[in-house]
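K.L.:
Residue numbers (my numbering): 69 to 483.
We put the beta carbon where it would ideally sit given N, CA and C, even for glycine.
Bear in mind that the values here come from a model prediction, so they are computed numbers and not experimental data.
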């Protein structure tokens, strides 16, 4: 399948910034499509014939969880496909499919129909791995951290404003309209990549990595020193970000009492953490390029652990907002720093599969986080969620540090 004249170019470095900005915007649209419906799915279900409160809760949980769960399974498959057939091609095809999948969500009449479409949306979750590997393939090696940091801000920005954007459209126009609009926006995303992003001719697989089958390549990557620890780091980061999601509104209400501004303050908390994360992603990418990504990753894990533990002691709403924002400053740089290390560990022909595998770990963290957070919050109290997250990030820091030491030892021995 031929997807435009910009499939390959002679000198990819001359246009890498231009391509990066377009990939940022297209990824922003894609992540917006994943997050915009979180604020009103429980309100949409009564329009689909779900009337009891219990049924709304069950369907909402299933519909929200199934997409990242399926994406965790299909991520490596899409990454491997992108390695073989081109990352740009996969990105464009997924955006084209999302036009119909997301758009169709606005026309369903039964909850199971929405559930099936969310499964299909998750099955196409490989766009994350393909986009990441495409970013690493167009970026000069000495600017990899900076590029991934900037790219990561599209995720933070879309996740921060997505629910607000979707809820606002549902209130002002209709509850079905956001799906139609987000489906249409994927036309823009596909055109941005098709017309404006150039895939370097050297990204097609060569050598042994291209000859291996899917499971052989996965096994090779699992045994790659340091890669599994980075995959687990991604899972822990996502876990740490979303584990507090079920208890944040309840914690805010606990600190504010019966105030009618609980929703507003919760939204402000999420927005400020998102802004802090975006700033952190850009700065951390630049610092990692200059001082080393692994050292910075350990430092930020420790900082995130301290901030989350401290947040568990908050006694006023001002303290909660300040500490959650400070935690965002450390969390924001974790994924781009980790992804930069992954890009350095694997060959060009393996990057799609590698990012697919690590994205799967991240998706599992996204699925497990709210379940664990909700269970801890209801049984042991709000603070226990933050302290558990503190322990998780401390353990992650130790793991990353230890894997770095082991890798350095192997290199000294010539292994």
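Go through its chain and collect everything with a Cβ distance to residue 304's Cβ below 6 Å, but skip five positions before and after it.
P.N.:
Looking up residue 304 in the chain shown gives position 236. Here the set comprises 460, 464.
K.L.:
Are the beta-carbon atoms of residue 445 and residue 435 separated by less than 8 Å?
P.N.:
Here residue 445 refers to the residue found at position 377 of the chain shown. Here residue 435 refers to the residue found at position 367 of the chain shown. No, the pair does not count as a contact, with Cβ atoms beyond the cut-off.
K.L.:
What number of angstroms, rounded off, separates the C-alpha of residue 261 from the C-alpha of residue 93?
P.N.:
The sequence position of residue 261 within the chain shown is 193, counting from 1. The sequence position of residue 93 within the chain shown is 25, counting from 1. Cα to Cα, the separation comes out at about 9 Å.
K.L.:
Given that a residue counts as buried once 16 or more other Cβ atoms are within 10 Å of its Cβ, and exposed if not, what is residue 418?
P.N.:
Reading the chain shown from its first residue, position 350 is the one you call residue 418. That one is buried.
K.L.:
Which of helix, strand or coil does DSSP assign to residue 329?
P.N.:
Locating residue 329 in the chain shown gives position 261, counting from the first residue. Shown here, residue 329 sits in coil according to DSSP, grouped into three states, outside any helix or strand.
K.L.:
Can you check whether the CB of residue 139 is closer than 8 Å to the CB of residue 190?
P.N.:
Counted from its first residue, the chain shown places residue 190 at position 122. Counted from its first residue, the chain shown places residue 139 at position 71. Yes, the Cβ-Cβ distance between residue 190 and residue 139 is below 8 Å.
K.L.:
Measure the alpha-carbon distance for residue 98 versus residue 171 and round it to whole angstroms.
P.N.:
On the chain shown, residue 98 is found 30 positions in, with the first residue counted as 1. On the chain shown, residue 171 is found 103 positions in, with the first residue counted as 1. Straight-line Cα distance between these residues: approximately 13 Å.
K.L.:
Taking residue 117 as the reference, give the member of 405, 411, 182 with the closest Cα.
P.N.:
On the chain shown, residue 117 is found 49 positions in, with the first residue counted as 1. Residue 182 is the option with its Cα nearest to residue 117.
K.L.:
Cα separation between residue 472 and residue 422?
P.N.:
Indexing the chain shown from 1 puts residue 472 at position 404. Indexing the chain shown from 1 puts residue 422 at position 354. Each residue's alpha carbon lies about 18 Å from the other.
K.L.:
Step through the CB atoms of chain B and report whether any lies within less than 8 Å of the CB of residue 402.
P.N.:
Among the chains of the structure shown, chain B does not appear; only one protein chain is present.
K.L.:
Exposed or buried, residue 151, counting other C-beta atoms within 10 Å across all chains shown (16 or more means buried)?
P.N.:
Here the question's residue 151 lines up with position 83 in the chain shown. Buried, since its Cβ has 16 or more Cβ neighbours within 10 Å.
K.L.:
When you compare only the Cα positions, how much space is there between residue 155 and residue 245?
P.N.:
For this step, residue 155 is matched to residue 87 along the chain shown. For this step, residue 245 is matched to residue 177 along the chain shown. The straight-line gap from Cα to Cα measures roughly 31 Å.
K.L.:
I need the boundaries of the alpha helix (DSSP H) containing residue 239, first residue and last residue.
P.N.:
Position 171 of the chain shown holds residue 239. It spans 212 to 240 - the alpha helix (DSSP H) in which residue 239 sits, taken as one unbroken run.
K.L.:
For residue 469, which of 367, 378, 437 has the nearest alpha-carbon?
P.N.:
Reading the chain shown from its first residue, position 401 is the one you call residue 469. Comparing Cα-Cα distances from residue 469 to each of 367, 378, 437, the minimum goes to 367.
K.L.:
Pull up the CB-CB distance for residue 90 and residue 265, whole angstroms please, since I reckon it's below 8 Å.
P.N.:
In the chain shown, counting from the first residue as 1, residue 90 sits at position 22. In the chain shown, counting from the first residue as 1, residue 265 sits at position 197. About 5 Å; that satisfies the 8 Å criterion.
K.L.:
The alpha helix (DSSP H) that contains residue 178, what's its start and end?
P.N.:
The residue given as residue 178 occupies position 110 in the chain shown. Segment: none, residue 178 is in no alpha helix (DSSP H) and carries neither H nor E.
K.L.:
I'd like to know whether the C-beta atoms of residue 365 and residue 379 end up nearer to each other than 8 Å.
P.N.:
Position 297 of the chain shown, counting from 1, holds the residue named residue 365. Position 311 of the chain shown, counting from 1, holds the residue named residue 379. It is not a contact, given that the beta carbons lie outside the stated cut-off.
K.L.:
Can residue 224 and residue 400 be called in contact, C-beta distance under 8 Å?
P.N.:
Residue 224 sits at position 156 when you count from the first residue of the chain shown. Residue 400 sits at position 332 when you count from the first residue of the chain shown. Closer than 8 Å, so yes.
K.L.:
On the three-pair Cβ rule with 8 Å, is the stretch 283 to 301 touching the stretch 125 to 142?
P.N.:
no
K.L.:
Got a sec? Which residues, its chain only, sit under 6 Å from residue 462 by beta carbon, not counting five neighbours each side?
P.N.:
Looking up residue 462 in the chain shown gives position 394. Only 373 meet the Cβ criterion.
K.L.:
Please classify residue 246: does DSSP put it in a helix, a strand, or coil?
P.N.:
Residue mapping note: residue 246 aligns to position 178 of the chain shown, counting from 1. Correct three-state label for residue 246: helix.
K.L.:
Between residue 212 and the rest of its own chain, which residues show a CB-CB distance below 6 Å, the 5 nearest in sequence each way excluded?
P.N.:
Taking the first residue of the chain shown as position 1, residue 212 is located at position 144. So the qualifying residues of the chain are 408, 411.
K.L.:
I believe residue 168 touches residue 158 by the beta-carbon criterion, under 8 Å. Please report the beta-carbon distance rounded to the nearest angstrom.
P.N.:
Counting from 1 along the chain shown, the entry for residue 168 is found at position 100. Counting from 1 along the chain shown, the entry for residue 158 is found at position 90. At roughly 17 Å, the Cβ-Cβ gap does not stay under 8 Å, so residue 168 and residue 158 are not in contact.
K.L.:
If you run the structure through DSSP and keep just helix, strand and coil, what is residue 373?
P.N.:
Taking the chain shown and counting its residues from 1, one reaches residue 373 at position 305. Residue 373 falls in the helix class under three-state DSSP.
K.L.:
Tell me whether residue 347 sits in a helix, a strand or coil according to DSSP, three-state version.
P.N.:
Indexing the chain shown from 1 puts residue 347 at position 279. It is helical.
K.L.:
State the CB to CB distance for the pair residue 292 and residue 414, rounded to an integer number of angstroms; the pair is presumed to be in contact (CB under 8 Å).
P.N.:
In the chain shown, counting from the first residue as 1, residue 292 sits at position 224. In the chain shown, counting from the first residue as 1, residue 414 sits at position 346. Their Cβ separation, rounded to whole angstroms, is 7 Å, which keeps residue 292 and residue 414 in contact under 8 Å.
K.L.:
Can you give me the start and stop residues for the alpha helix (DSSP H) that residue 83 sits inside?
P.N.:
Within the chain shown, residue 83 is the residue found at index 15, counting from 1. Where residue 83 is concerned, there is no enclosing alpha helix (DSSP H), given that its DSSP letter is neither H nor E.
K.L.:
For residue 451, name the three-state secondary structure that DSSP assigns.
P.N.:
Indexing the chain shown from 1 puts residue 451 at position 383. DSSP places residue 451 in helix when its eight states are reduced to three.
K.L.:
Could you tell me the alpha carbon to alpha carbon distance between residue 273 and residue 219, rounded to whole angstroms?
P.N.:
Here residue 273 is taken as the residue at index 205 of the chain shown, counted from 1. Here residue 219 is taken as the residue at index 151 of the chain shown, counted from 1. Here residue 273 scores only 48 on pLDDT, less than 50, and its place in the model should not be relied on; the value that follows carries that caveat. Straight-line Cα distance between these residues: approximately 24 Å.
K.L.:
Please determine, among 316, 323, 347, the residue with the shortest C-alpha to C-alpha distance to residue 337.
P.N.:
Looking up residue 337 in the chain shown gives position 269. Out of 316, 323, 347, 316 has the C-alpha closest to the C-alpha of residue 337.
K.L.:
Since residue 485 and residue 147 should fall inside the 8 Å C-beta cutoff, what is the C-beta to C-beta distance between them, to a whole number of angstroms?
P.N.:
Outside the shown range of the chain (69 to 483) lies residue 485, about which nothing can therefore be said.
K.L.:
Shortest alpha-carbon distance to residue 382 belongs to which of 450, 403, 334, 351?
P.N.:
For this step, residue 382 is matched to residue 314 along the chain shown. Of the listed residues, the one whose Cα sits closest to residue 382 is 450.
K.L.:
In this structure, does DSSP put residue 275 in helix, strand or coil?
P.N.:
As a working mapping, residue 275 is identified with position 207 in the chain shown. Per-residue confidence for residue 275 stands at a pLDDT of 43, beneath the threshold of 50, marking its modelled position as unreliable; the derived number appears in the next sentence. Residue state, collapsed to three classes: coil.
K.L.:
So residue 184 packs on residue 268, CB below 8 Å; how close in whole Å?
P.N.:
By 1-based counting over the chain shown, the position of residue 184 is 116. By 1-based counting over the chain shown, the position of residue 268 is 200. Actually they do not touch by this definition, with Cβ atoms about 37 Å apart.
K.L.:
Would you mind stating whether residue 243 and residue 111 have Cβ atoms separated by less than 8 Å?
P.N.:
Here residue 243 refers to the residue found at position 175 of the chain shown. Here residue 111 refers to the residue found at position 43 of the chain shown. Cβ atoms of residue 243 and residue 111: closer than 8 Å.
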